[in-house]
Structures are given as C-alpha cells and as structure tokens.
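Protein chains: 2
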Amino acid sequence: MELIAERGYRRTSLAAVAERAGLTQQGLLHHFPTKELLLIGVLEARDRWDAAAAAAGTWRTGTLAQLVDYNATRPGVVQTYTVLSADSVTEDHPAREFFETRFRAVREALAGALRAEFGDTLPGGLTPERAAPLLVAVMDGLQLQWLLDPENVDMPAAFRDFLTLLGSVAGQDDEPAEGPGQETAEEPGAGTG
Amino acid sequence: MELIAERGYRRTSLAAVAERAGLTQQGLLHHFPTKELLLIGVLEARDRWDAAAAAAGTWRTGTLAQLVDYNATRPGVVQTYTVLSADSVTEDHPAREFFETRFRAVREALAGALRAEFGDTLPGGLTPERAAPLLVAVMDGLQLQWLLDPENVDMPAAFRDFLTLLGSVAGQDDEPAEGPGQETAEEPGAGTG
DNA sequence: GTCTATAATAAGATAGAC
DNA sequence: GTCTATCTTATTATAGAC
C-alpha cells in the first residue's frame, strides 16, 4: 500500500515491494504468485481494515465529515486510493471489477444513510439515490484537488460546504472546519471506502 | 491521446504510439526526444484544442452542463483526463505541475463564472470561491464513477442535480437530462478542462 | 518459506545510414 | 525526417537448492 501510494501500481515493482517488506522478490512471489494477485491482496486487506467504516448502516453525514477529516491526515492512503481507482478504468486492469463493485456498494450505502437522516426528499427535490453519487463524487474529486494542492484546497472545509448544500446541519456544528483531524479516532478508510 | 486514454500514460509505449501514428519509434523520437516531452506535447495540444472552452469569461453553469453532455459522448477523452490527472499526483510525475496549475486556474475561472451568474452569495451562504472547488470535484468525481459504470451512473443528469443544489435553474430547463449529446457542437474539452 | 540463479521480455533511448 | 540496428536497463516470472 505504501509503495502504490508513492508510485502508483504500475510503477511499483515486485522487487521494491519485497525490499520494503524485508525479503527478496522471489520470497514475495511465494506468497503472491503474480503481481496482479498481490494487488488484489492489497485491496482485500484494505477492505478488511475498513470493515468498521463499511458498517454503512450506522453512517451519517457527520460520520462522513469525520472520515474526510481523518483522510486529510493520511495523504499516502488517499493517494493510493485516488491513483488506483482512476488507473482501474483502463483496459484489462486487474482492479477494475473491484472498484466497479465497490462504488456501486458505496452509492447504495450512502443512499441508505441519506434516507435515514433526511427521509425521502432532499433539497432541490433530490432523492437519496440521486444525491448519493454526488456525495461520492465530491469526496473523490476533492481528494484529487487536495493531493495536488493541499495549501490551496481545504478538503474538510469544502466537504462540509457540500453537506451544507445538502441541508445537513453537520456542516456547521459537527466539527471545526479545519480541525486537528481525528488523531484519537483510529478509524481507517480512504476515499469513499 | 487515444493510446493514453486506452492504457494510461505509463503503460503506453513509444512503439505503440509510433505505430498508431504510422512511423517507427525512432521516427517519433525525432519529434519528441523523450517520452516525457511527448506527454507534455499531448497536454499542450489538448490545451490548444480547448482554447474555446478556456474562454472562461463566458462560462455559465449552463455551459458547464453542455460540456458534461459533450464529455458523456467521448469516454476516451474523459478517460485520458481522469487517468492522467490522478496519475500526476505520484512522485516526480512529469504532468504534476501541469495539473496543479490547471486546477488552480479552473477553480478561479469557475469562481468568476459563479459570481457573474449568482453574485457574491450562493445557497448555504457559500461564496463563489468556496463553491468552485465543489463544482470541479463533482465534475471529476462523476467522471470516475461514470467511466467505471456508465449503465448505472447518468453523469449529465447527476451534474444537473448538483447545479440544482447550487440554485441554478439551468438544471431544469437548459437541456434534457439524458439528451443525445451535443453532436453538432464541436466544442471540445474533458473534465474540468 | 526463503534463497540464488536465470530466463524471457519489454521498454526507453542512442548511433549512424539514407 | 525517417529508417535499421543496437544498447542498456528494468521487470515479471520460473527453476531448483537449502
């Protein structure tokens, strides 16, 4: 995960991963026979690590704001997710199905969360199902801008601005816009994951 | 551009570009001495091609909605932009400065457009400067979801939903949500470009 | 389970002829 | 301006010893 965050999947060599892990390339290939299987192993590991965050039934917009706060303290993890998810749209990418499935699940989970918090109708006459992809898009899009220019893009504040547009009060009273991050909360998760 | 759209920058070989262009790898290297300079040439070419769209003084939210319509008819171009912009956040990427500068310019241009259309105050008490990164984020984030799952993500409709949240009327009367695209309008431009 | 050794390939780049 | 030929390096993957 560290190396993919730094260099992206394609530029990350098995030799580099092996070195960081403290064994040889061939030792690494004993556990993951191909580079592709290693990538899938990484994604599955992050999924397991994100198990708590994936308990979507308990998500609220305030939870999401805290997740964005947390992400703002972990640029490496955010970069992993951003680079890998975009890379996955290319032909025959081993992670394509993973992200396709994941985005669908996240949209559904967030739609459920929005419905639980706001009911069937949101500002502008939107349904939770129509607002969910926007919520996901804002999280991912802000991450890209923030990774490129953290000095000029206040990701947590911008996300709360969007929640304000959605009609949530979490944007105003939930957390200071540019707080110290959730240093205490050890909840993981990057991007919409 | 075509090949980068299909495979991403790193997976695109000089030999493949040369073949598509109808010359040998060495003939290509005569015009672009390194692969990095070729990438910069591609980005500059797209900038020139986007010159019309970059006349930001004339942008309005309706224009942006039409741009999203157009993008929905050109998955290859959108993919180029999505893959490349995300890839650019990795260490020492040759296009990093290009995208950093470009995102900053686009945010400023869109802030100006929002101010021209809505004045200094938007819904939720947002300023144009605070809404602009959200607008960019929604465009980019929707592109990623749409590229991964075009059957389930109606990018133009979702973008108009966001415009509705921003208080624009363009979302209702400007264009059918899932139109045939702007086949006549030859205006180019992918992503926030 | 980890190692050394070694394929087998593919890539970016250079030299020099025409 | 384009070509053939070649260099150099990096990468994924395999074979087989310990």
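These protein sequences, in sequence, are chains A and B. Everything in the first sequence is counted per this note's numbering, starting at 1167 for the first residue and increasing by one. Everything in the second sequence is counted per this note's numbering, starting at 1167 for the first residue and increasing by one. For glycine and all other residues, C-beta sits at the position ideal for the given N, C-alpha and C. Note that the structure is a prediction, hence the values are computed from the model and not measured.
Identity of the residue in the options nearest residue i by Cα
i       : options                            : result
E1317/A : T1248/A, A1271/A, P1241/A, L1280/A : P1241/A
A1275/B : H1259/B, N1237/B, T1229/B          : T1229/B
D1315/B : T1190/A, S1251/A, V1304/A          : S1251/A
A1152/B : E1168/B, L1189/B, A1323/B, R1177/B : With chain B covering only 1167 through 1359, there is no way to say anything about residue 1152/B.
R1176/B : T1330/B, K1201/B, R1273/B, R1281/B : K1201/B
R1273/A : V1208/B, A1277/B, G1193/B, Q1311/B : Q1311/B
M1321/B : A1187/B, T1239/B, V1243/B, R1226/B : T1239/B
V1243/B : A1324/B, V1319/B, D1306/B          : D1306/B
A1171/A : R1270/A, Q1245/A, A1271/A          : Q1245/A
V1304/A : T1293/A, G1290/A, D1253/A, V1234/A : V1234/A
A1271/B : A1298/B, T1287/B, G1285/B          : A1298/B
F1269/B : F1284/B, V1302/B, A1324/B, T1293/B : V1302/B
V1319/A : L1313/B, R1296/B, A1324/B          : R1296/B
L1288/B : N1237/A, I1206/A, V1183/A, L1331/A : L1331/A
G1278/B : D1253/B, P1294/B, L1209/B, L1313/B : P1294/B
M1284/B : L1194/B, L1300/B, R1226/B          : Contrary to the premise, residue 1284/B reads as Phe rather than Met in this sequence. Per the Cα distances, R1226/B.
L1280/B : A1323/B, F1265/B, E1263/B, L1300/B : L1300/B
L1292/A : Q1309/B, A1323/B, A1184/B          : A1323/B
Simplified DSSP state of residue i, which is helix, strand or coil
i       : result
M1321/B : helix
Q1338/B : At Q1338/B, the pLDDT of 44 sits below 50, so the modelled position is not reliable and the matter cannot be decided from this model.
P1241/B : helix
V1249/B : helix
G1333/A : coil
R1214/B : helix
L1233/A : helix
T1224/A : helix
D1366/B : Outside the displayed range of chain B (1167 to 1359) lies residue 1366/B, so it cannot be described from this structure.
E1353/A : Note that E1353/A scores 44 on pLDDT, short of 50, meaning its location in the model is unreliable; the coordinates nonetheless yield the value given after this. If DSSP states are grouped into helix, strand and coil, E1353/A belongs with coil.
Environment of residue i [buried if 16+ CB atoms lie within 10 Å]
i       : result
L1203/B : exposed
Q1232/B : buried
S1179/B : exposed
T1326/B : In the sequence as presented, Thr is not what sits at residue 1326/B; that position holds Arg. Buried, since its Cβ has 16 or more Cβ neighbours within 10 Å.
D1213/A : exposed
D1258/A : exposed
T1248/B : buried
A1282/B : exposed
P1199/A : exposed
T1267/B : exposed
Q1192/A : exposed
A1187/A : exposed
A1261/A : buried
A1181/A : exposed
G1333/B : buried
D1286/A : exposed
G1290/B : buried
V1255/B : buried
G1174/B : buried
T1224/A : exposed
T1366/B : With chain B covering only 1167 through 1359, there is no way to say anything about residue 1366/B.
Residue interval of the alpha helix (DSSP H) (run including residue i)
i       : result
M1305/B : 1294–1314
R1281/A : 1262–1284
Length at least 4, wholly inside the stretch 1168–1211 of chain A: the alpha helix (DSSP H) runs in chain order: Within the stretch 1168–1211 of chain A, the complete alpha helix (DSSP H) runs of at least 4 residues fall at 1168–1173, 1180–1187, 1191–1197.
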